[in-house]
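Encoded as structure tokens, the structure appears first; notes follow it.
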Amino acid sequence: MTDAFRVSTARALVTTGALLYIPSNVLPVMTMTVAGKTEPLTVLGGVKELWDSNLPAIAGVVFLASFIVPLLKVISLGWILWLHGTDRNQRARNTVHRIVHRIGSWSMIDIFLLSVLAAVGQLGALGSVTADPGSIYFCGVMISCLLAAEIYKPRLIWESQFTTSS
Amino acid sequence: MISPIGKKTFQPALAFSLAGLFALILASTSPVLTFDVAGREQPGYLITGIEELLRQGYWPIAALVFVASMLAPALYLASVSYVSAACTLRLRLPHLLVLFKVSELAEPWNLIPVYSIATVVSVVKLRMIGGVTWNDGARWVLGVAFLTICAQQVFDRGLVEHRLEAMGALGNQRGEGT
Numbered sequence: 000m001t002d003a004f005r006v007s008t009a010r011a012l013v014t015t016g017a018l019l020y021i022p023s024n025v026l027p028v029m030t031m032t033v034a035g036k037t038e039p040l041t042v043l044g045g046v047k048e049l050w051d052s053n054l055p056a057i058a059g060v061v062f063l064a065s066f067i068v069p070l071l072k073v074i075s076l077g078w079i080l081w082l083h084g085t086d087r088n089q090r091a092r093n094t095v096h097r098i099v100h101r102i103g104s105w106s107m108i109d110i111f112l113l114s115v116l117a118a119v120g121q122l123g124a125l126g127s128v129t130a131d132p133g134s135i136y137f138c139g140v141m142i143s144c145l146l147a148a149e150i151y152k153p154r155l156i157w158e159s160q161f162t163t164s165s
Numbered sequence: 533m534i535s536p537i538g539k540k541t542f543q544p545a546l547a548f549s550l551a552g553l554f555a556l557i558l559a560s561t562s563p564v565l566t567f568d569v570a571g572r573e574q575p576g577y578l579i580t581g582i583e584e585l586l587r588q589g590y591w592p593i594a595a596l597v598f599v600a601s602m603l604a605p606a607l608y609l610a611s612v613s614y615v616s617a618a619c620t621l622r623l624r625l626p627h628l629l630v631l632f633k634v635s636e637l638a639e640p641w642n643l644i645p646v647y648s649i650a651t652v653v654s655v656v657k658l659r660m661i662g663g664v665t666w667n668d669g670a671r672w673v674l675g676v677a678f679l680t681i682c683a684q685q686v687f688d689r690g691l692v693e694h695r696l697e698a699m700g701a702l703g704n705q706r707g708e709g710t
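Residue numbers (my numbering), protein chains in the order written: chain L, 0 to 165; chain V, 533 to 710.
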């Protein structure tokens, strides 16, 4: 894989992630049925539910991991790739790339949460959990950003515009 | 060229990854949580959520959860165990370089520590609507998460490359591969 291909693929993946981020937050990711009452939940709806149940710490963790981290990932990777080939803020870009790589995976919390809830929530009208289309978009954001961060190696930050095709 | 390795050894990585692999087998075969509402109980295993998402037609999510919570952790822990064992015993085991590469590729997809946090959050959410019992699987999931983080901290890629080079495994196997 050439460096130029890495850069263009990473740019395409980040753009995809940015576009999918909108439906992933607008559409419900899961529907919970409790005692016959059905309630579709978006990412922020799940956070609000935890907050309303007097669980601010857990709500904070889910809010950070499911809403803020994916947004920061898209913005940070976009910024890194935007400045690719220039010598501006190379040290800062390198640090940001390392942070994105380290914390990026925490945004998978919502997908795993859906999996655990779906595993035990199969009690019909008494209590059940089903996935909704928003989760597919959310999944798309995660995969796009994870692959982009993997494909765009930090060493590319230090290379000038004229050496990226090697 | 051989440079001094110092006090760093491969035994901690071998110990953590082997223990993690053992814990992963137990986590995958034991129920994680049991949810009960109005006297009806539903136990859940690691694989149950994946099966249920597949049944609902959400195969991309099922595939992602399977890779991140079962396949990648198993590949990562097994490959780290294999490479660490070979380096510790100075044995030129077959496919060493391939498995060293597998450990590198599997690491970012090994999200079992995130899964363990999601399990804790799901318990909080489920307690809002019914009763939840922690089962052995949940403890093993937390164990795998802890051991994975430990293995990631002590598995030094530079040190492994250095040892493989000293054993003559790096050049030969690279040559075989190309």
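All C-beta atoms in this analysis are idealised placements derived from N, C-alpha and C, irrespective of residue type, glycine included.
Everything numeric in this text was worked out from a predicted model, so none of it was measured.
Does the pairing of the segment 98-117 of chain L with the segment 81-88 of chain L give three or more beta-carbon distances under 8 Å?
Contact between the segment 98-117 of chain L and the segment 81-88 of chain L is absent, because fewer than three Cβ pairs lie under 8 Å.
Gly-16/L vs Cys-144/L beta-carbon contact at 8 Å:
Your numbering for residue 16/L matches position 17 in the first sequence. Your numbering for residue 144/L matches position 145 in the first sequence. Yes, these two residues count as a Cβ contact at 8 Å.
For Pro-605/V and Ile-644/V, which I take to be in contact (beta-carbon distance under 8 Å), what is that distance rounded to the nearest angstrom?
Here residue 605/V refers to the residue found at position 73 when the second sequence is read from its first residue. Here residue 644/V refers to the residue found at position 112 when the second sequence is read from its first residue. In this structure Pro-605/V touches Ile-644/V by the C-beta definition: roughly 5 Å separates them, less than 8 Å.
3-residue-minimum beta strand (DSSP E) runs that sit fully inside the segment 622-707 of chain V, ordered along the chain
Fully enclosed beta strand (DSSP E) runs of 3 or longer: 663-666.
Can the beta-carbon of Pro-69/L be found closer than 8 Å to that of Val-140/L?
As a working note, residue 69/L is residue 70 in the first sequence. As a working note, residue 140/L is residue 141 in the first sequence. Contact check for Pro-69/L against Val-140/L passes: the beta carbons are separated by less than 8 Å.
Check whether Ala-73/L and Phe-62/L have beta carbons under 8 Å apart:
Position 74 of the first sequence, counted from the start, is the residue given in the question as residue 73/L. Position 63 of the first sequence, counted from the start, is the residue given in the question as residue 62/L. It should be pointed out that residue 73/L corresponds to Val in this sequence rather than to Ala. In terms of Cβ geometry, Val-73/L and Phe-62/L do not form a close pair [threshold 8 Å].
For Val-634/V, collect the residues of the same chain with a Cβ closer than 7 Å to its Cβ; drop the 5 residues on either side in sequence, then sort them by chain order.
Numbered from its first residue, the second sequence carries residue 634/V at position 102. In the same chain as Val-634/V, and ignoring 5 residues on each side of it, the C-beta atoms closer than 7 Å to its own belong to Leu-607 and Ser-611, in chain order.
Measure the Cβ-Cβ separation of His-670/V and Val-564/V and say whether it is below 8 Å.
Here residue 670/V refers to the residue found at position 138 when the second sequence is read from its first residue. Here residue 564/V refers to the residue found at position 32 when the second sequence is read from its first residue. Checking the sequence, you will find Ala at residue 670/V rather than His. With respect to Val-564/V, Ala-670/V sits close: the two C-beta atoms are nearer than 8 Å.
Which residues, taken in chain order from the segment 70-90 of chain L, show a beta carbon closer than 8 Å to some beta carbon of chain V?
Across the segment 70-90 of chain L, no CB contact with chain V closer than 8 Å is found for any residue.
Taking a contact to mean a Cβ-Cβ separation below 8 Å, would you say Thr-32/L touches Ala-118/L in this structure?
Numbered from its first residue, the first sequence carries residue 32/L at position 33. Numbered from its first residue, the first sequence carries residue 118/L at position 119. Taking the C-beta atoms as reference points, Ala-118/L is found no nearer than 8 Å to Thr-32/L.
Taking only beta-carbon positions, decide if Pro-592/V is within less than 8 Å of chain L.
As a working mapping, residue 592/V is identified with position 60 in the second sequence. Interface residue (Cβ-Cβ distance to chain L less than 8 Å): Pro-592/V is classified as such.
Do Phe-548/V and Val-692/V have their CB atoms nearer than 8 Å?
Within the second sequence, the letter at position 16 stands for residue 548/V. Within the second sequence, the letter at position 160 stands for residue 692/V. Not in contact: Phe-548/V and Val-692/V (Cβ atoms no closer than 8 Å).
When you compare each of Lys-540/V, Ala-555/V and Ile-579/V to Leu-113/L by their alpha carbons, which one comes out closest?
Residue numbering aside, residue 113/L sits at position 114 when the first sequence is read from its first letter. Among Lys-540/V, Ala-555/V and Ile-579/V, the Cα nearest to that of Leu-113/L is on Ile-579/V.
If you measure from the beta carbon of Val-119/L to each beta carbon in chain V, is any gap under 8 Å?
By 1-based counting over the first sequence, the position of residue 119/L is 120. So yes, Val-119/L belongs to the interface.
What's the gap between the Cα of Leu-43/L and the Cα of Thr-665/V?
Taking the first residue of the first sequence as position 1, residue 43/L is located at position 44. Taking the first residue of the second sequence as position 1, residue 665/V is located at position 133. Leu-43/L and Thr-665/V have their alpha carbons spaced roughly 27 Å apart.
Could you spell out where the alpha helix (DSSP H) holding Arg-87/L opens and where it closes?
Here residue 87/L corresponds to residue number 88 of the first sequence, with the count starting at 1. Run containing Arg-87/L: none; DSSP gives neither H nor E here.
With C-beta atoms as the reference, is Phe-542/V less than 8 Å away from Ser-616/V?
By one-based count along the second sequence, residue 542/V stands at place 10. By one-based count along the second sequence, residue 616/V stands at place 84. Yes, the pair counts as a contact, with Cβ atoms nearer than the cut-off.
Go to Met-141/L, then tell me how far its alpha helix (DSSP H) extends in each direction, as first and last residue.
By 1-based counting over the first sequence, the position of residue 141/L is 142. Counting along the chain, the unbroken alpha helix (DSSP H) around Met-141/L starts and ends at 132-150.
Answer with buried or exposed for Met-0/L, where buried requires no fewer than 16 other C-beta atoms within 10 angstroms of its C-beta.
Taking the first residue of the first sequence as 1, we reach residue 0/L at position 1. So Met-0/L counts as exposed.
Give me whichever residues DSSP pairs with Met-29/L in a beta bridge.
Residue mapping note: residue 29/L aligns to position 30 of the first sequence, counting from 1. Leu-40/L and Ala-130/L, per the DSSP bridge assignment.
At a CB distance below 9 Å, what residues from the segment 137-156 of chain L approach chain V? Give them in sequence order.
Flagged, chain order: Phe-137, Cys-138, Gly-139, Met-141, Ile-142, Leu-145, Ala-148 and Glu-149.
Please look up how many angstroms separate the CB atoms of Leu-80/L and Arg-154/L, rounded, as I've assumed it's under 8 Å.
Position 81 of the first sequence, counted from the start, is the residue given in the question as residue 80/L. Position 155 of the first sequence, counted from the start, is the residue given in the question as residue 154/L. About 14 Å separates the two Cβ atoms, so there is no contact after all.
Could you check what DSSP says for Gln-574/V in three-state terms: helix, strand or coil?
On the second sequence, position 42 is the one that residue 574/V refers to. Of the three classes helix, strand and coil, the one that applies to Gln-574/V here is strand, per DSSP.
Along chain V, which residues have their Cβ under 7 Å away from the Cβ of Leu-125/L?
To locate residue 125/L, count along the first sequence from 1; it is residue 126. At a C-beta separation below 7 Å, Leu-125/L has these neighbours in chain V: Val-569, Ala-570 and Arg-572.
Which word fits Gln-121/L, buried or exposed, when buried means at least 16 other C-beta atoms lie within 10 angstroms of its C-beta?
Position 122 of the first sequence holds residue 121/L. Classification of Gln-121/L: buried, given that the 10 Å Cβ count is 16 or more.
Of the residues Leu-603/V, Ala-570/V and Ala-594/V, which one's Cα is nearest the Cα of Gly-581/V?
Taking the second sequence and counting its residues from 1, the one referred to as residue 581/V is at position 49. For the residues Leu-603/V, Ala-570/V and Ala-594/V, the minimum Cα distance to Gly-581/V belongs to Ala-594/V.
Closer than 9 Å by beta-carbon distance: list the chain L residues that pair up with Pro-640/V, in chain order.
The residue labelled residue 640/V in the question sits at position 108 within the second sequence. Result: His-100, Gly-103, Ser-104, Leu-145, Ala-148 and Glu-149.
Look at the alpha carbon of Ser-65/L and the alpha carbon of Glu-583/V, and state the distance between them as a whole number of angstroms.
Residue numbering aside, residue 65/L sits at position 66 when the first sequence is read from its first letter. Residue numbering aside, residue 583/V sits at position 51 when the second sequence is read from its first letter. Ser-65/L and Glu-583/V have their C-alpha atoms some 23 Å from each other.
Using only alpha-carbon positions, find the residue among Cys-619/V, Ile-557/V, Glu-697/V and Gln-684/V that is nearest to Trp-641/V.
Taking the second sequence and counting its residues from 1, one reaches residue 641/V at position 109. When each option's Cα is compared against that of Trp-641/V, the closest is Gln-684/V.
If we call anything under 8 Å between Cβ atoms a contact, is Met-29/L one with Leu-40/L?
As a position in the first sequence, residue 29/L is number 30, starting the count at 1. As a position in the first sequence, residue 40/L is number 41, starting the count at 1. Contact: yes.
Chain L contact for Ile-661/V (CB, 8 Å cutoff)
Counting from 1 along the second sequence, the entry for residue 661/V is found at position 129. Taking 8 Å as the threshold, the shortest C-beta distance from Ile-661/V to chain L falls below it.
In whole angstroms, what is the alpha-carbon distance linking Gly-662/V and Val-25/L?
Within the second sequence, the letter at position 130 stands for residue 662/V. Within the first sequence, the letter at position 26 stands for residue 25/L. Those two C-alpha atoms are separated by around 28 Å.
Tell me the residue span of the alpha helix (DSSP H) that contains Phe-111/L.
As a working mapping, residue 111/L is identified with position 112 in the first sequence. Residue range 108-119 is occupied by the alpha helix (DSSP H) that includes Phe-111/L.
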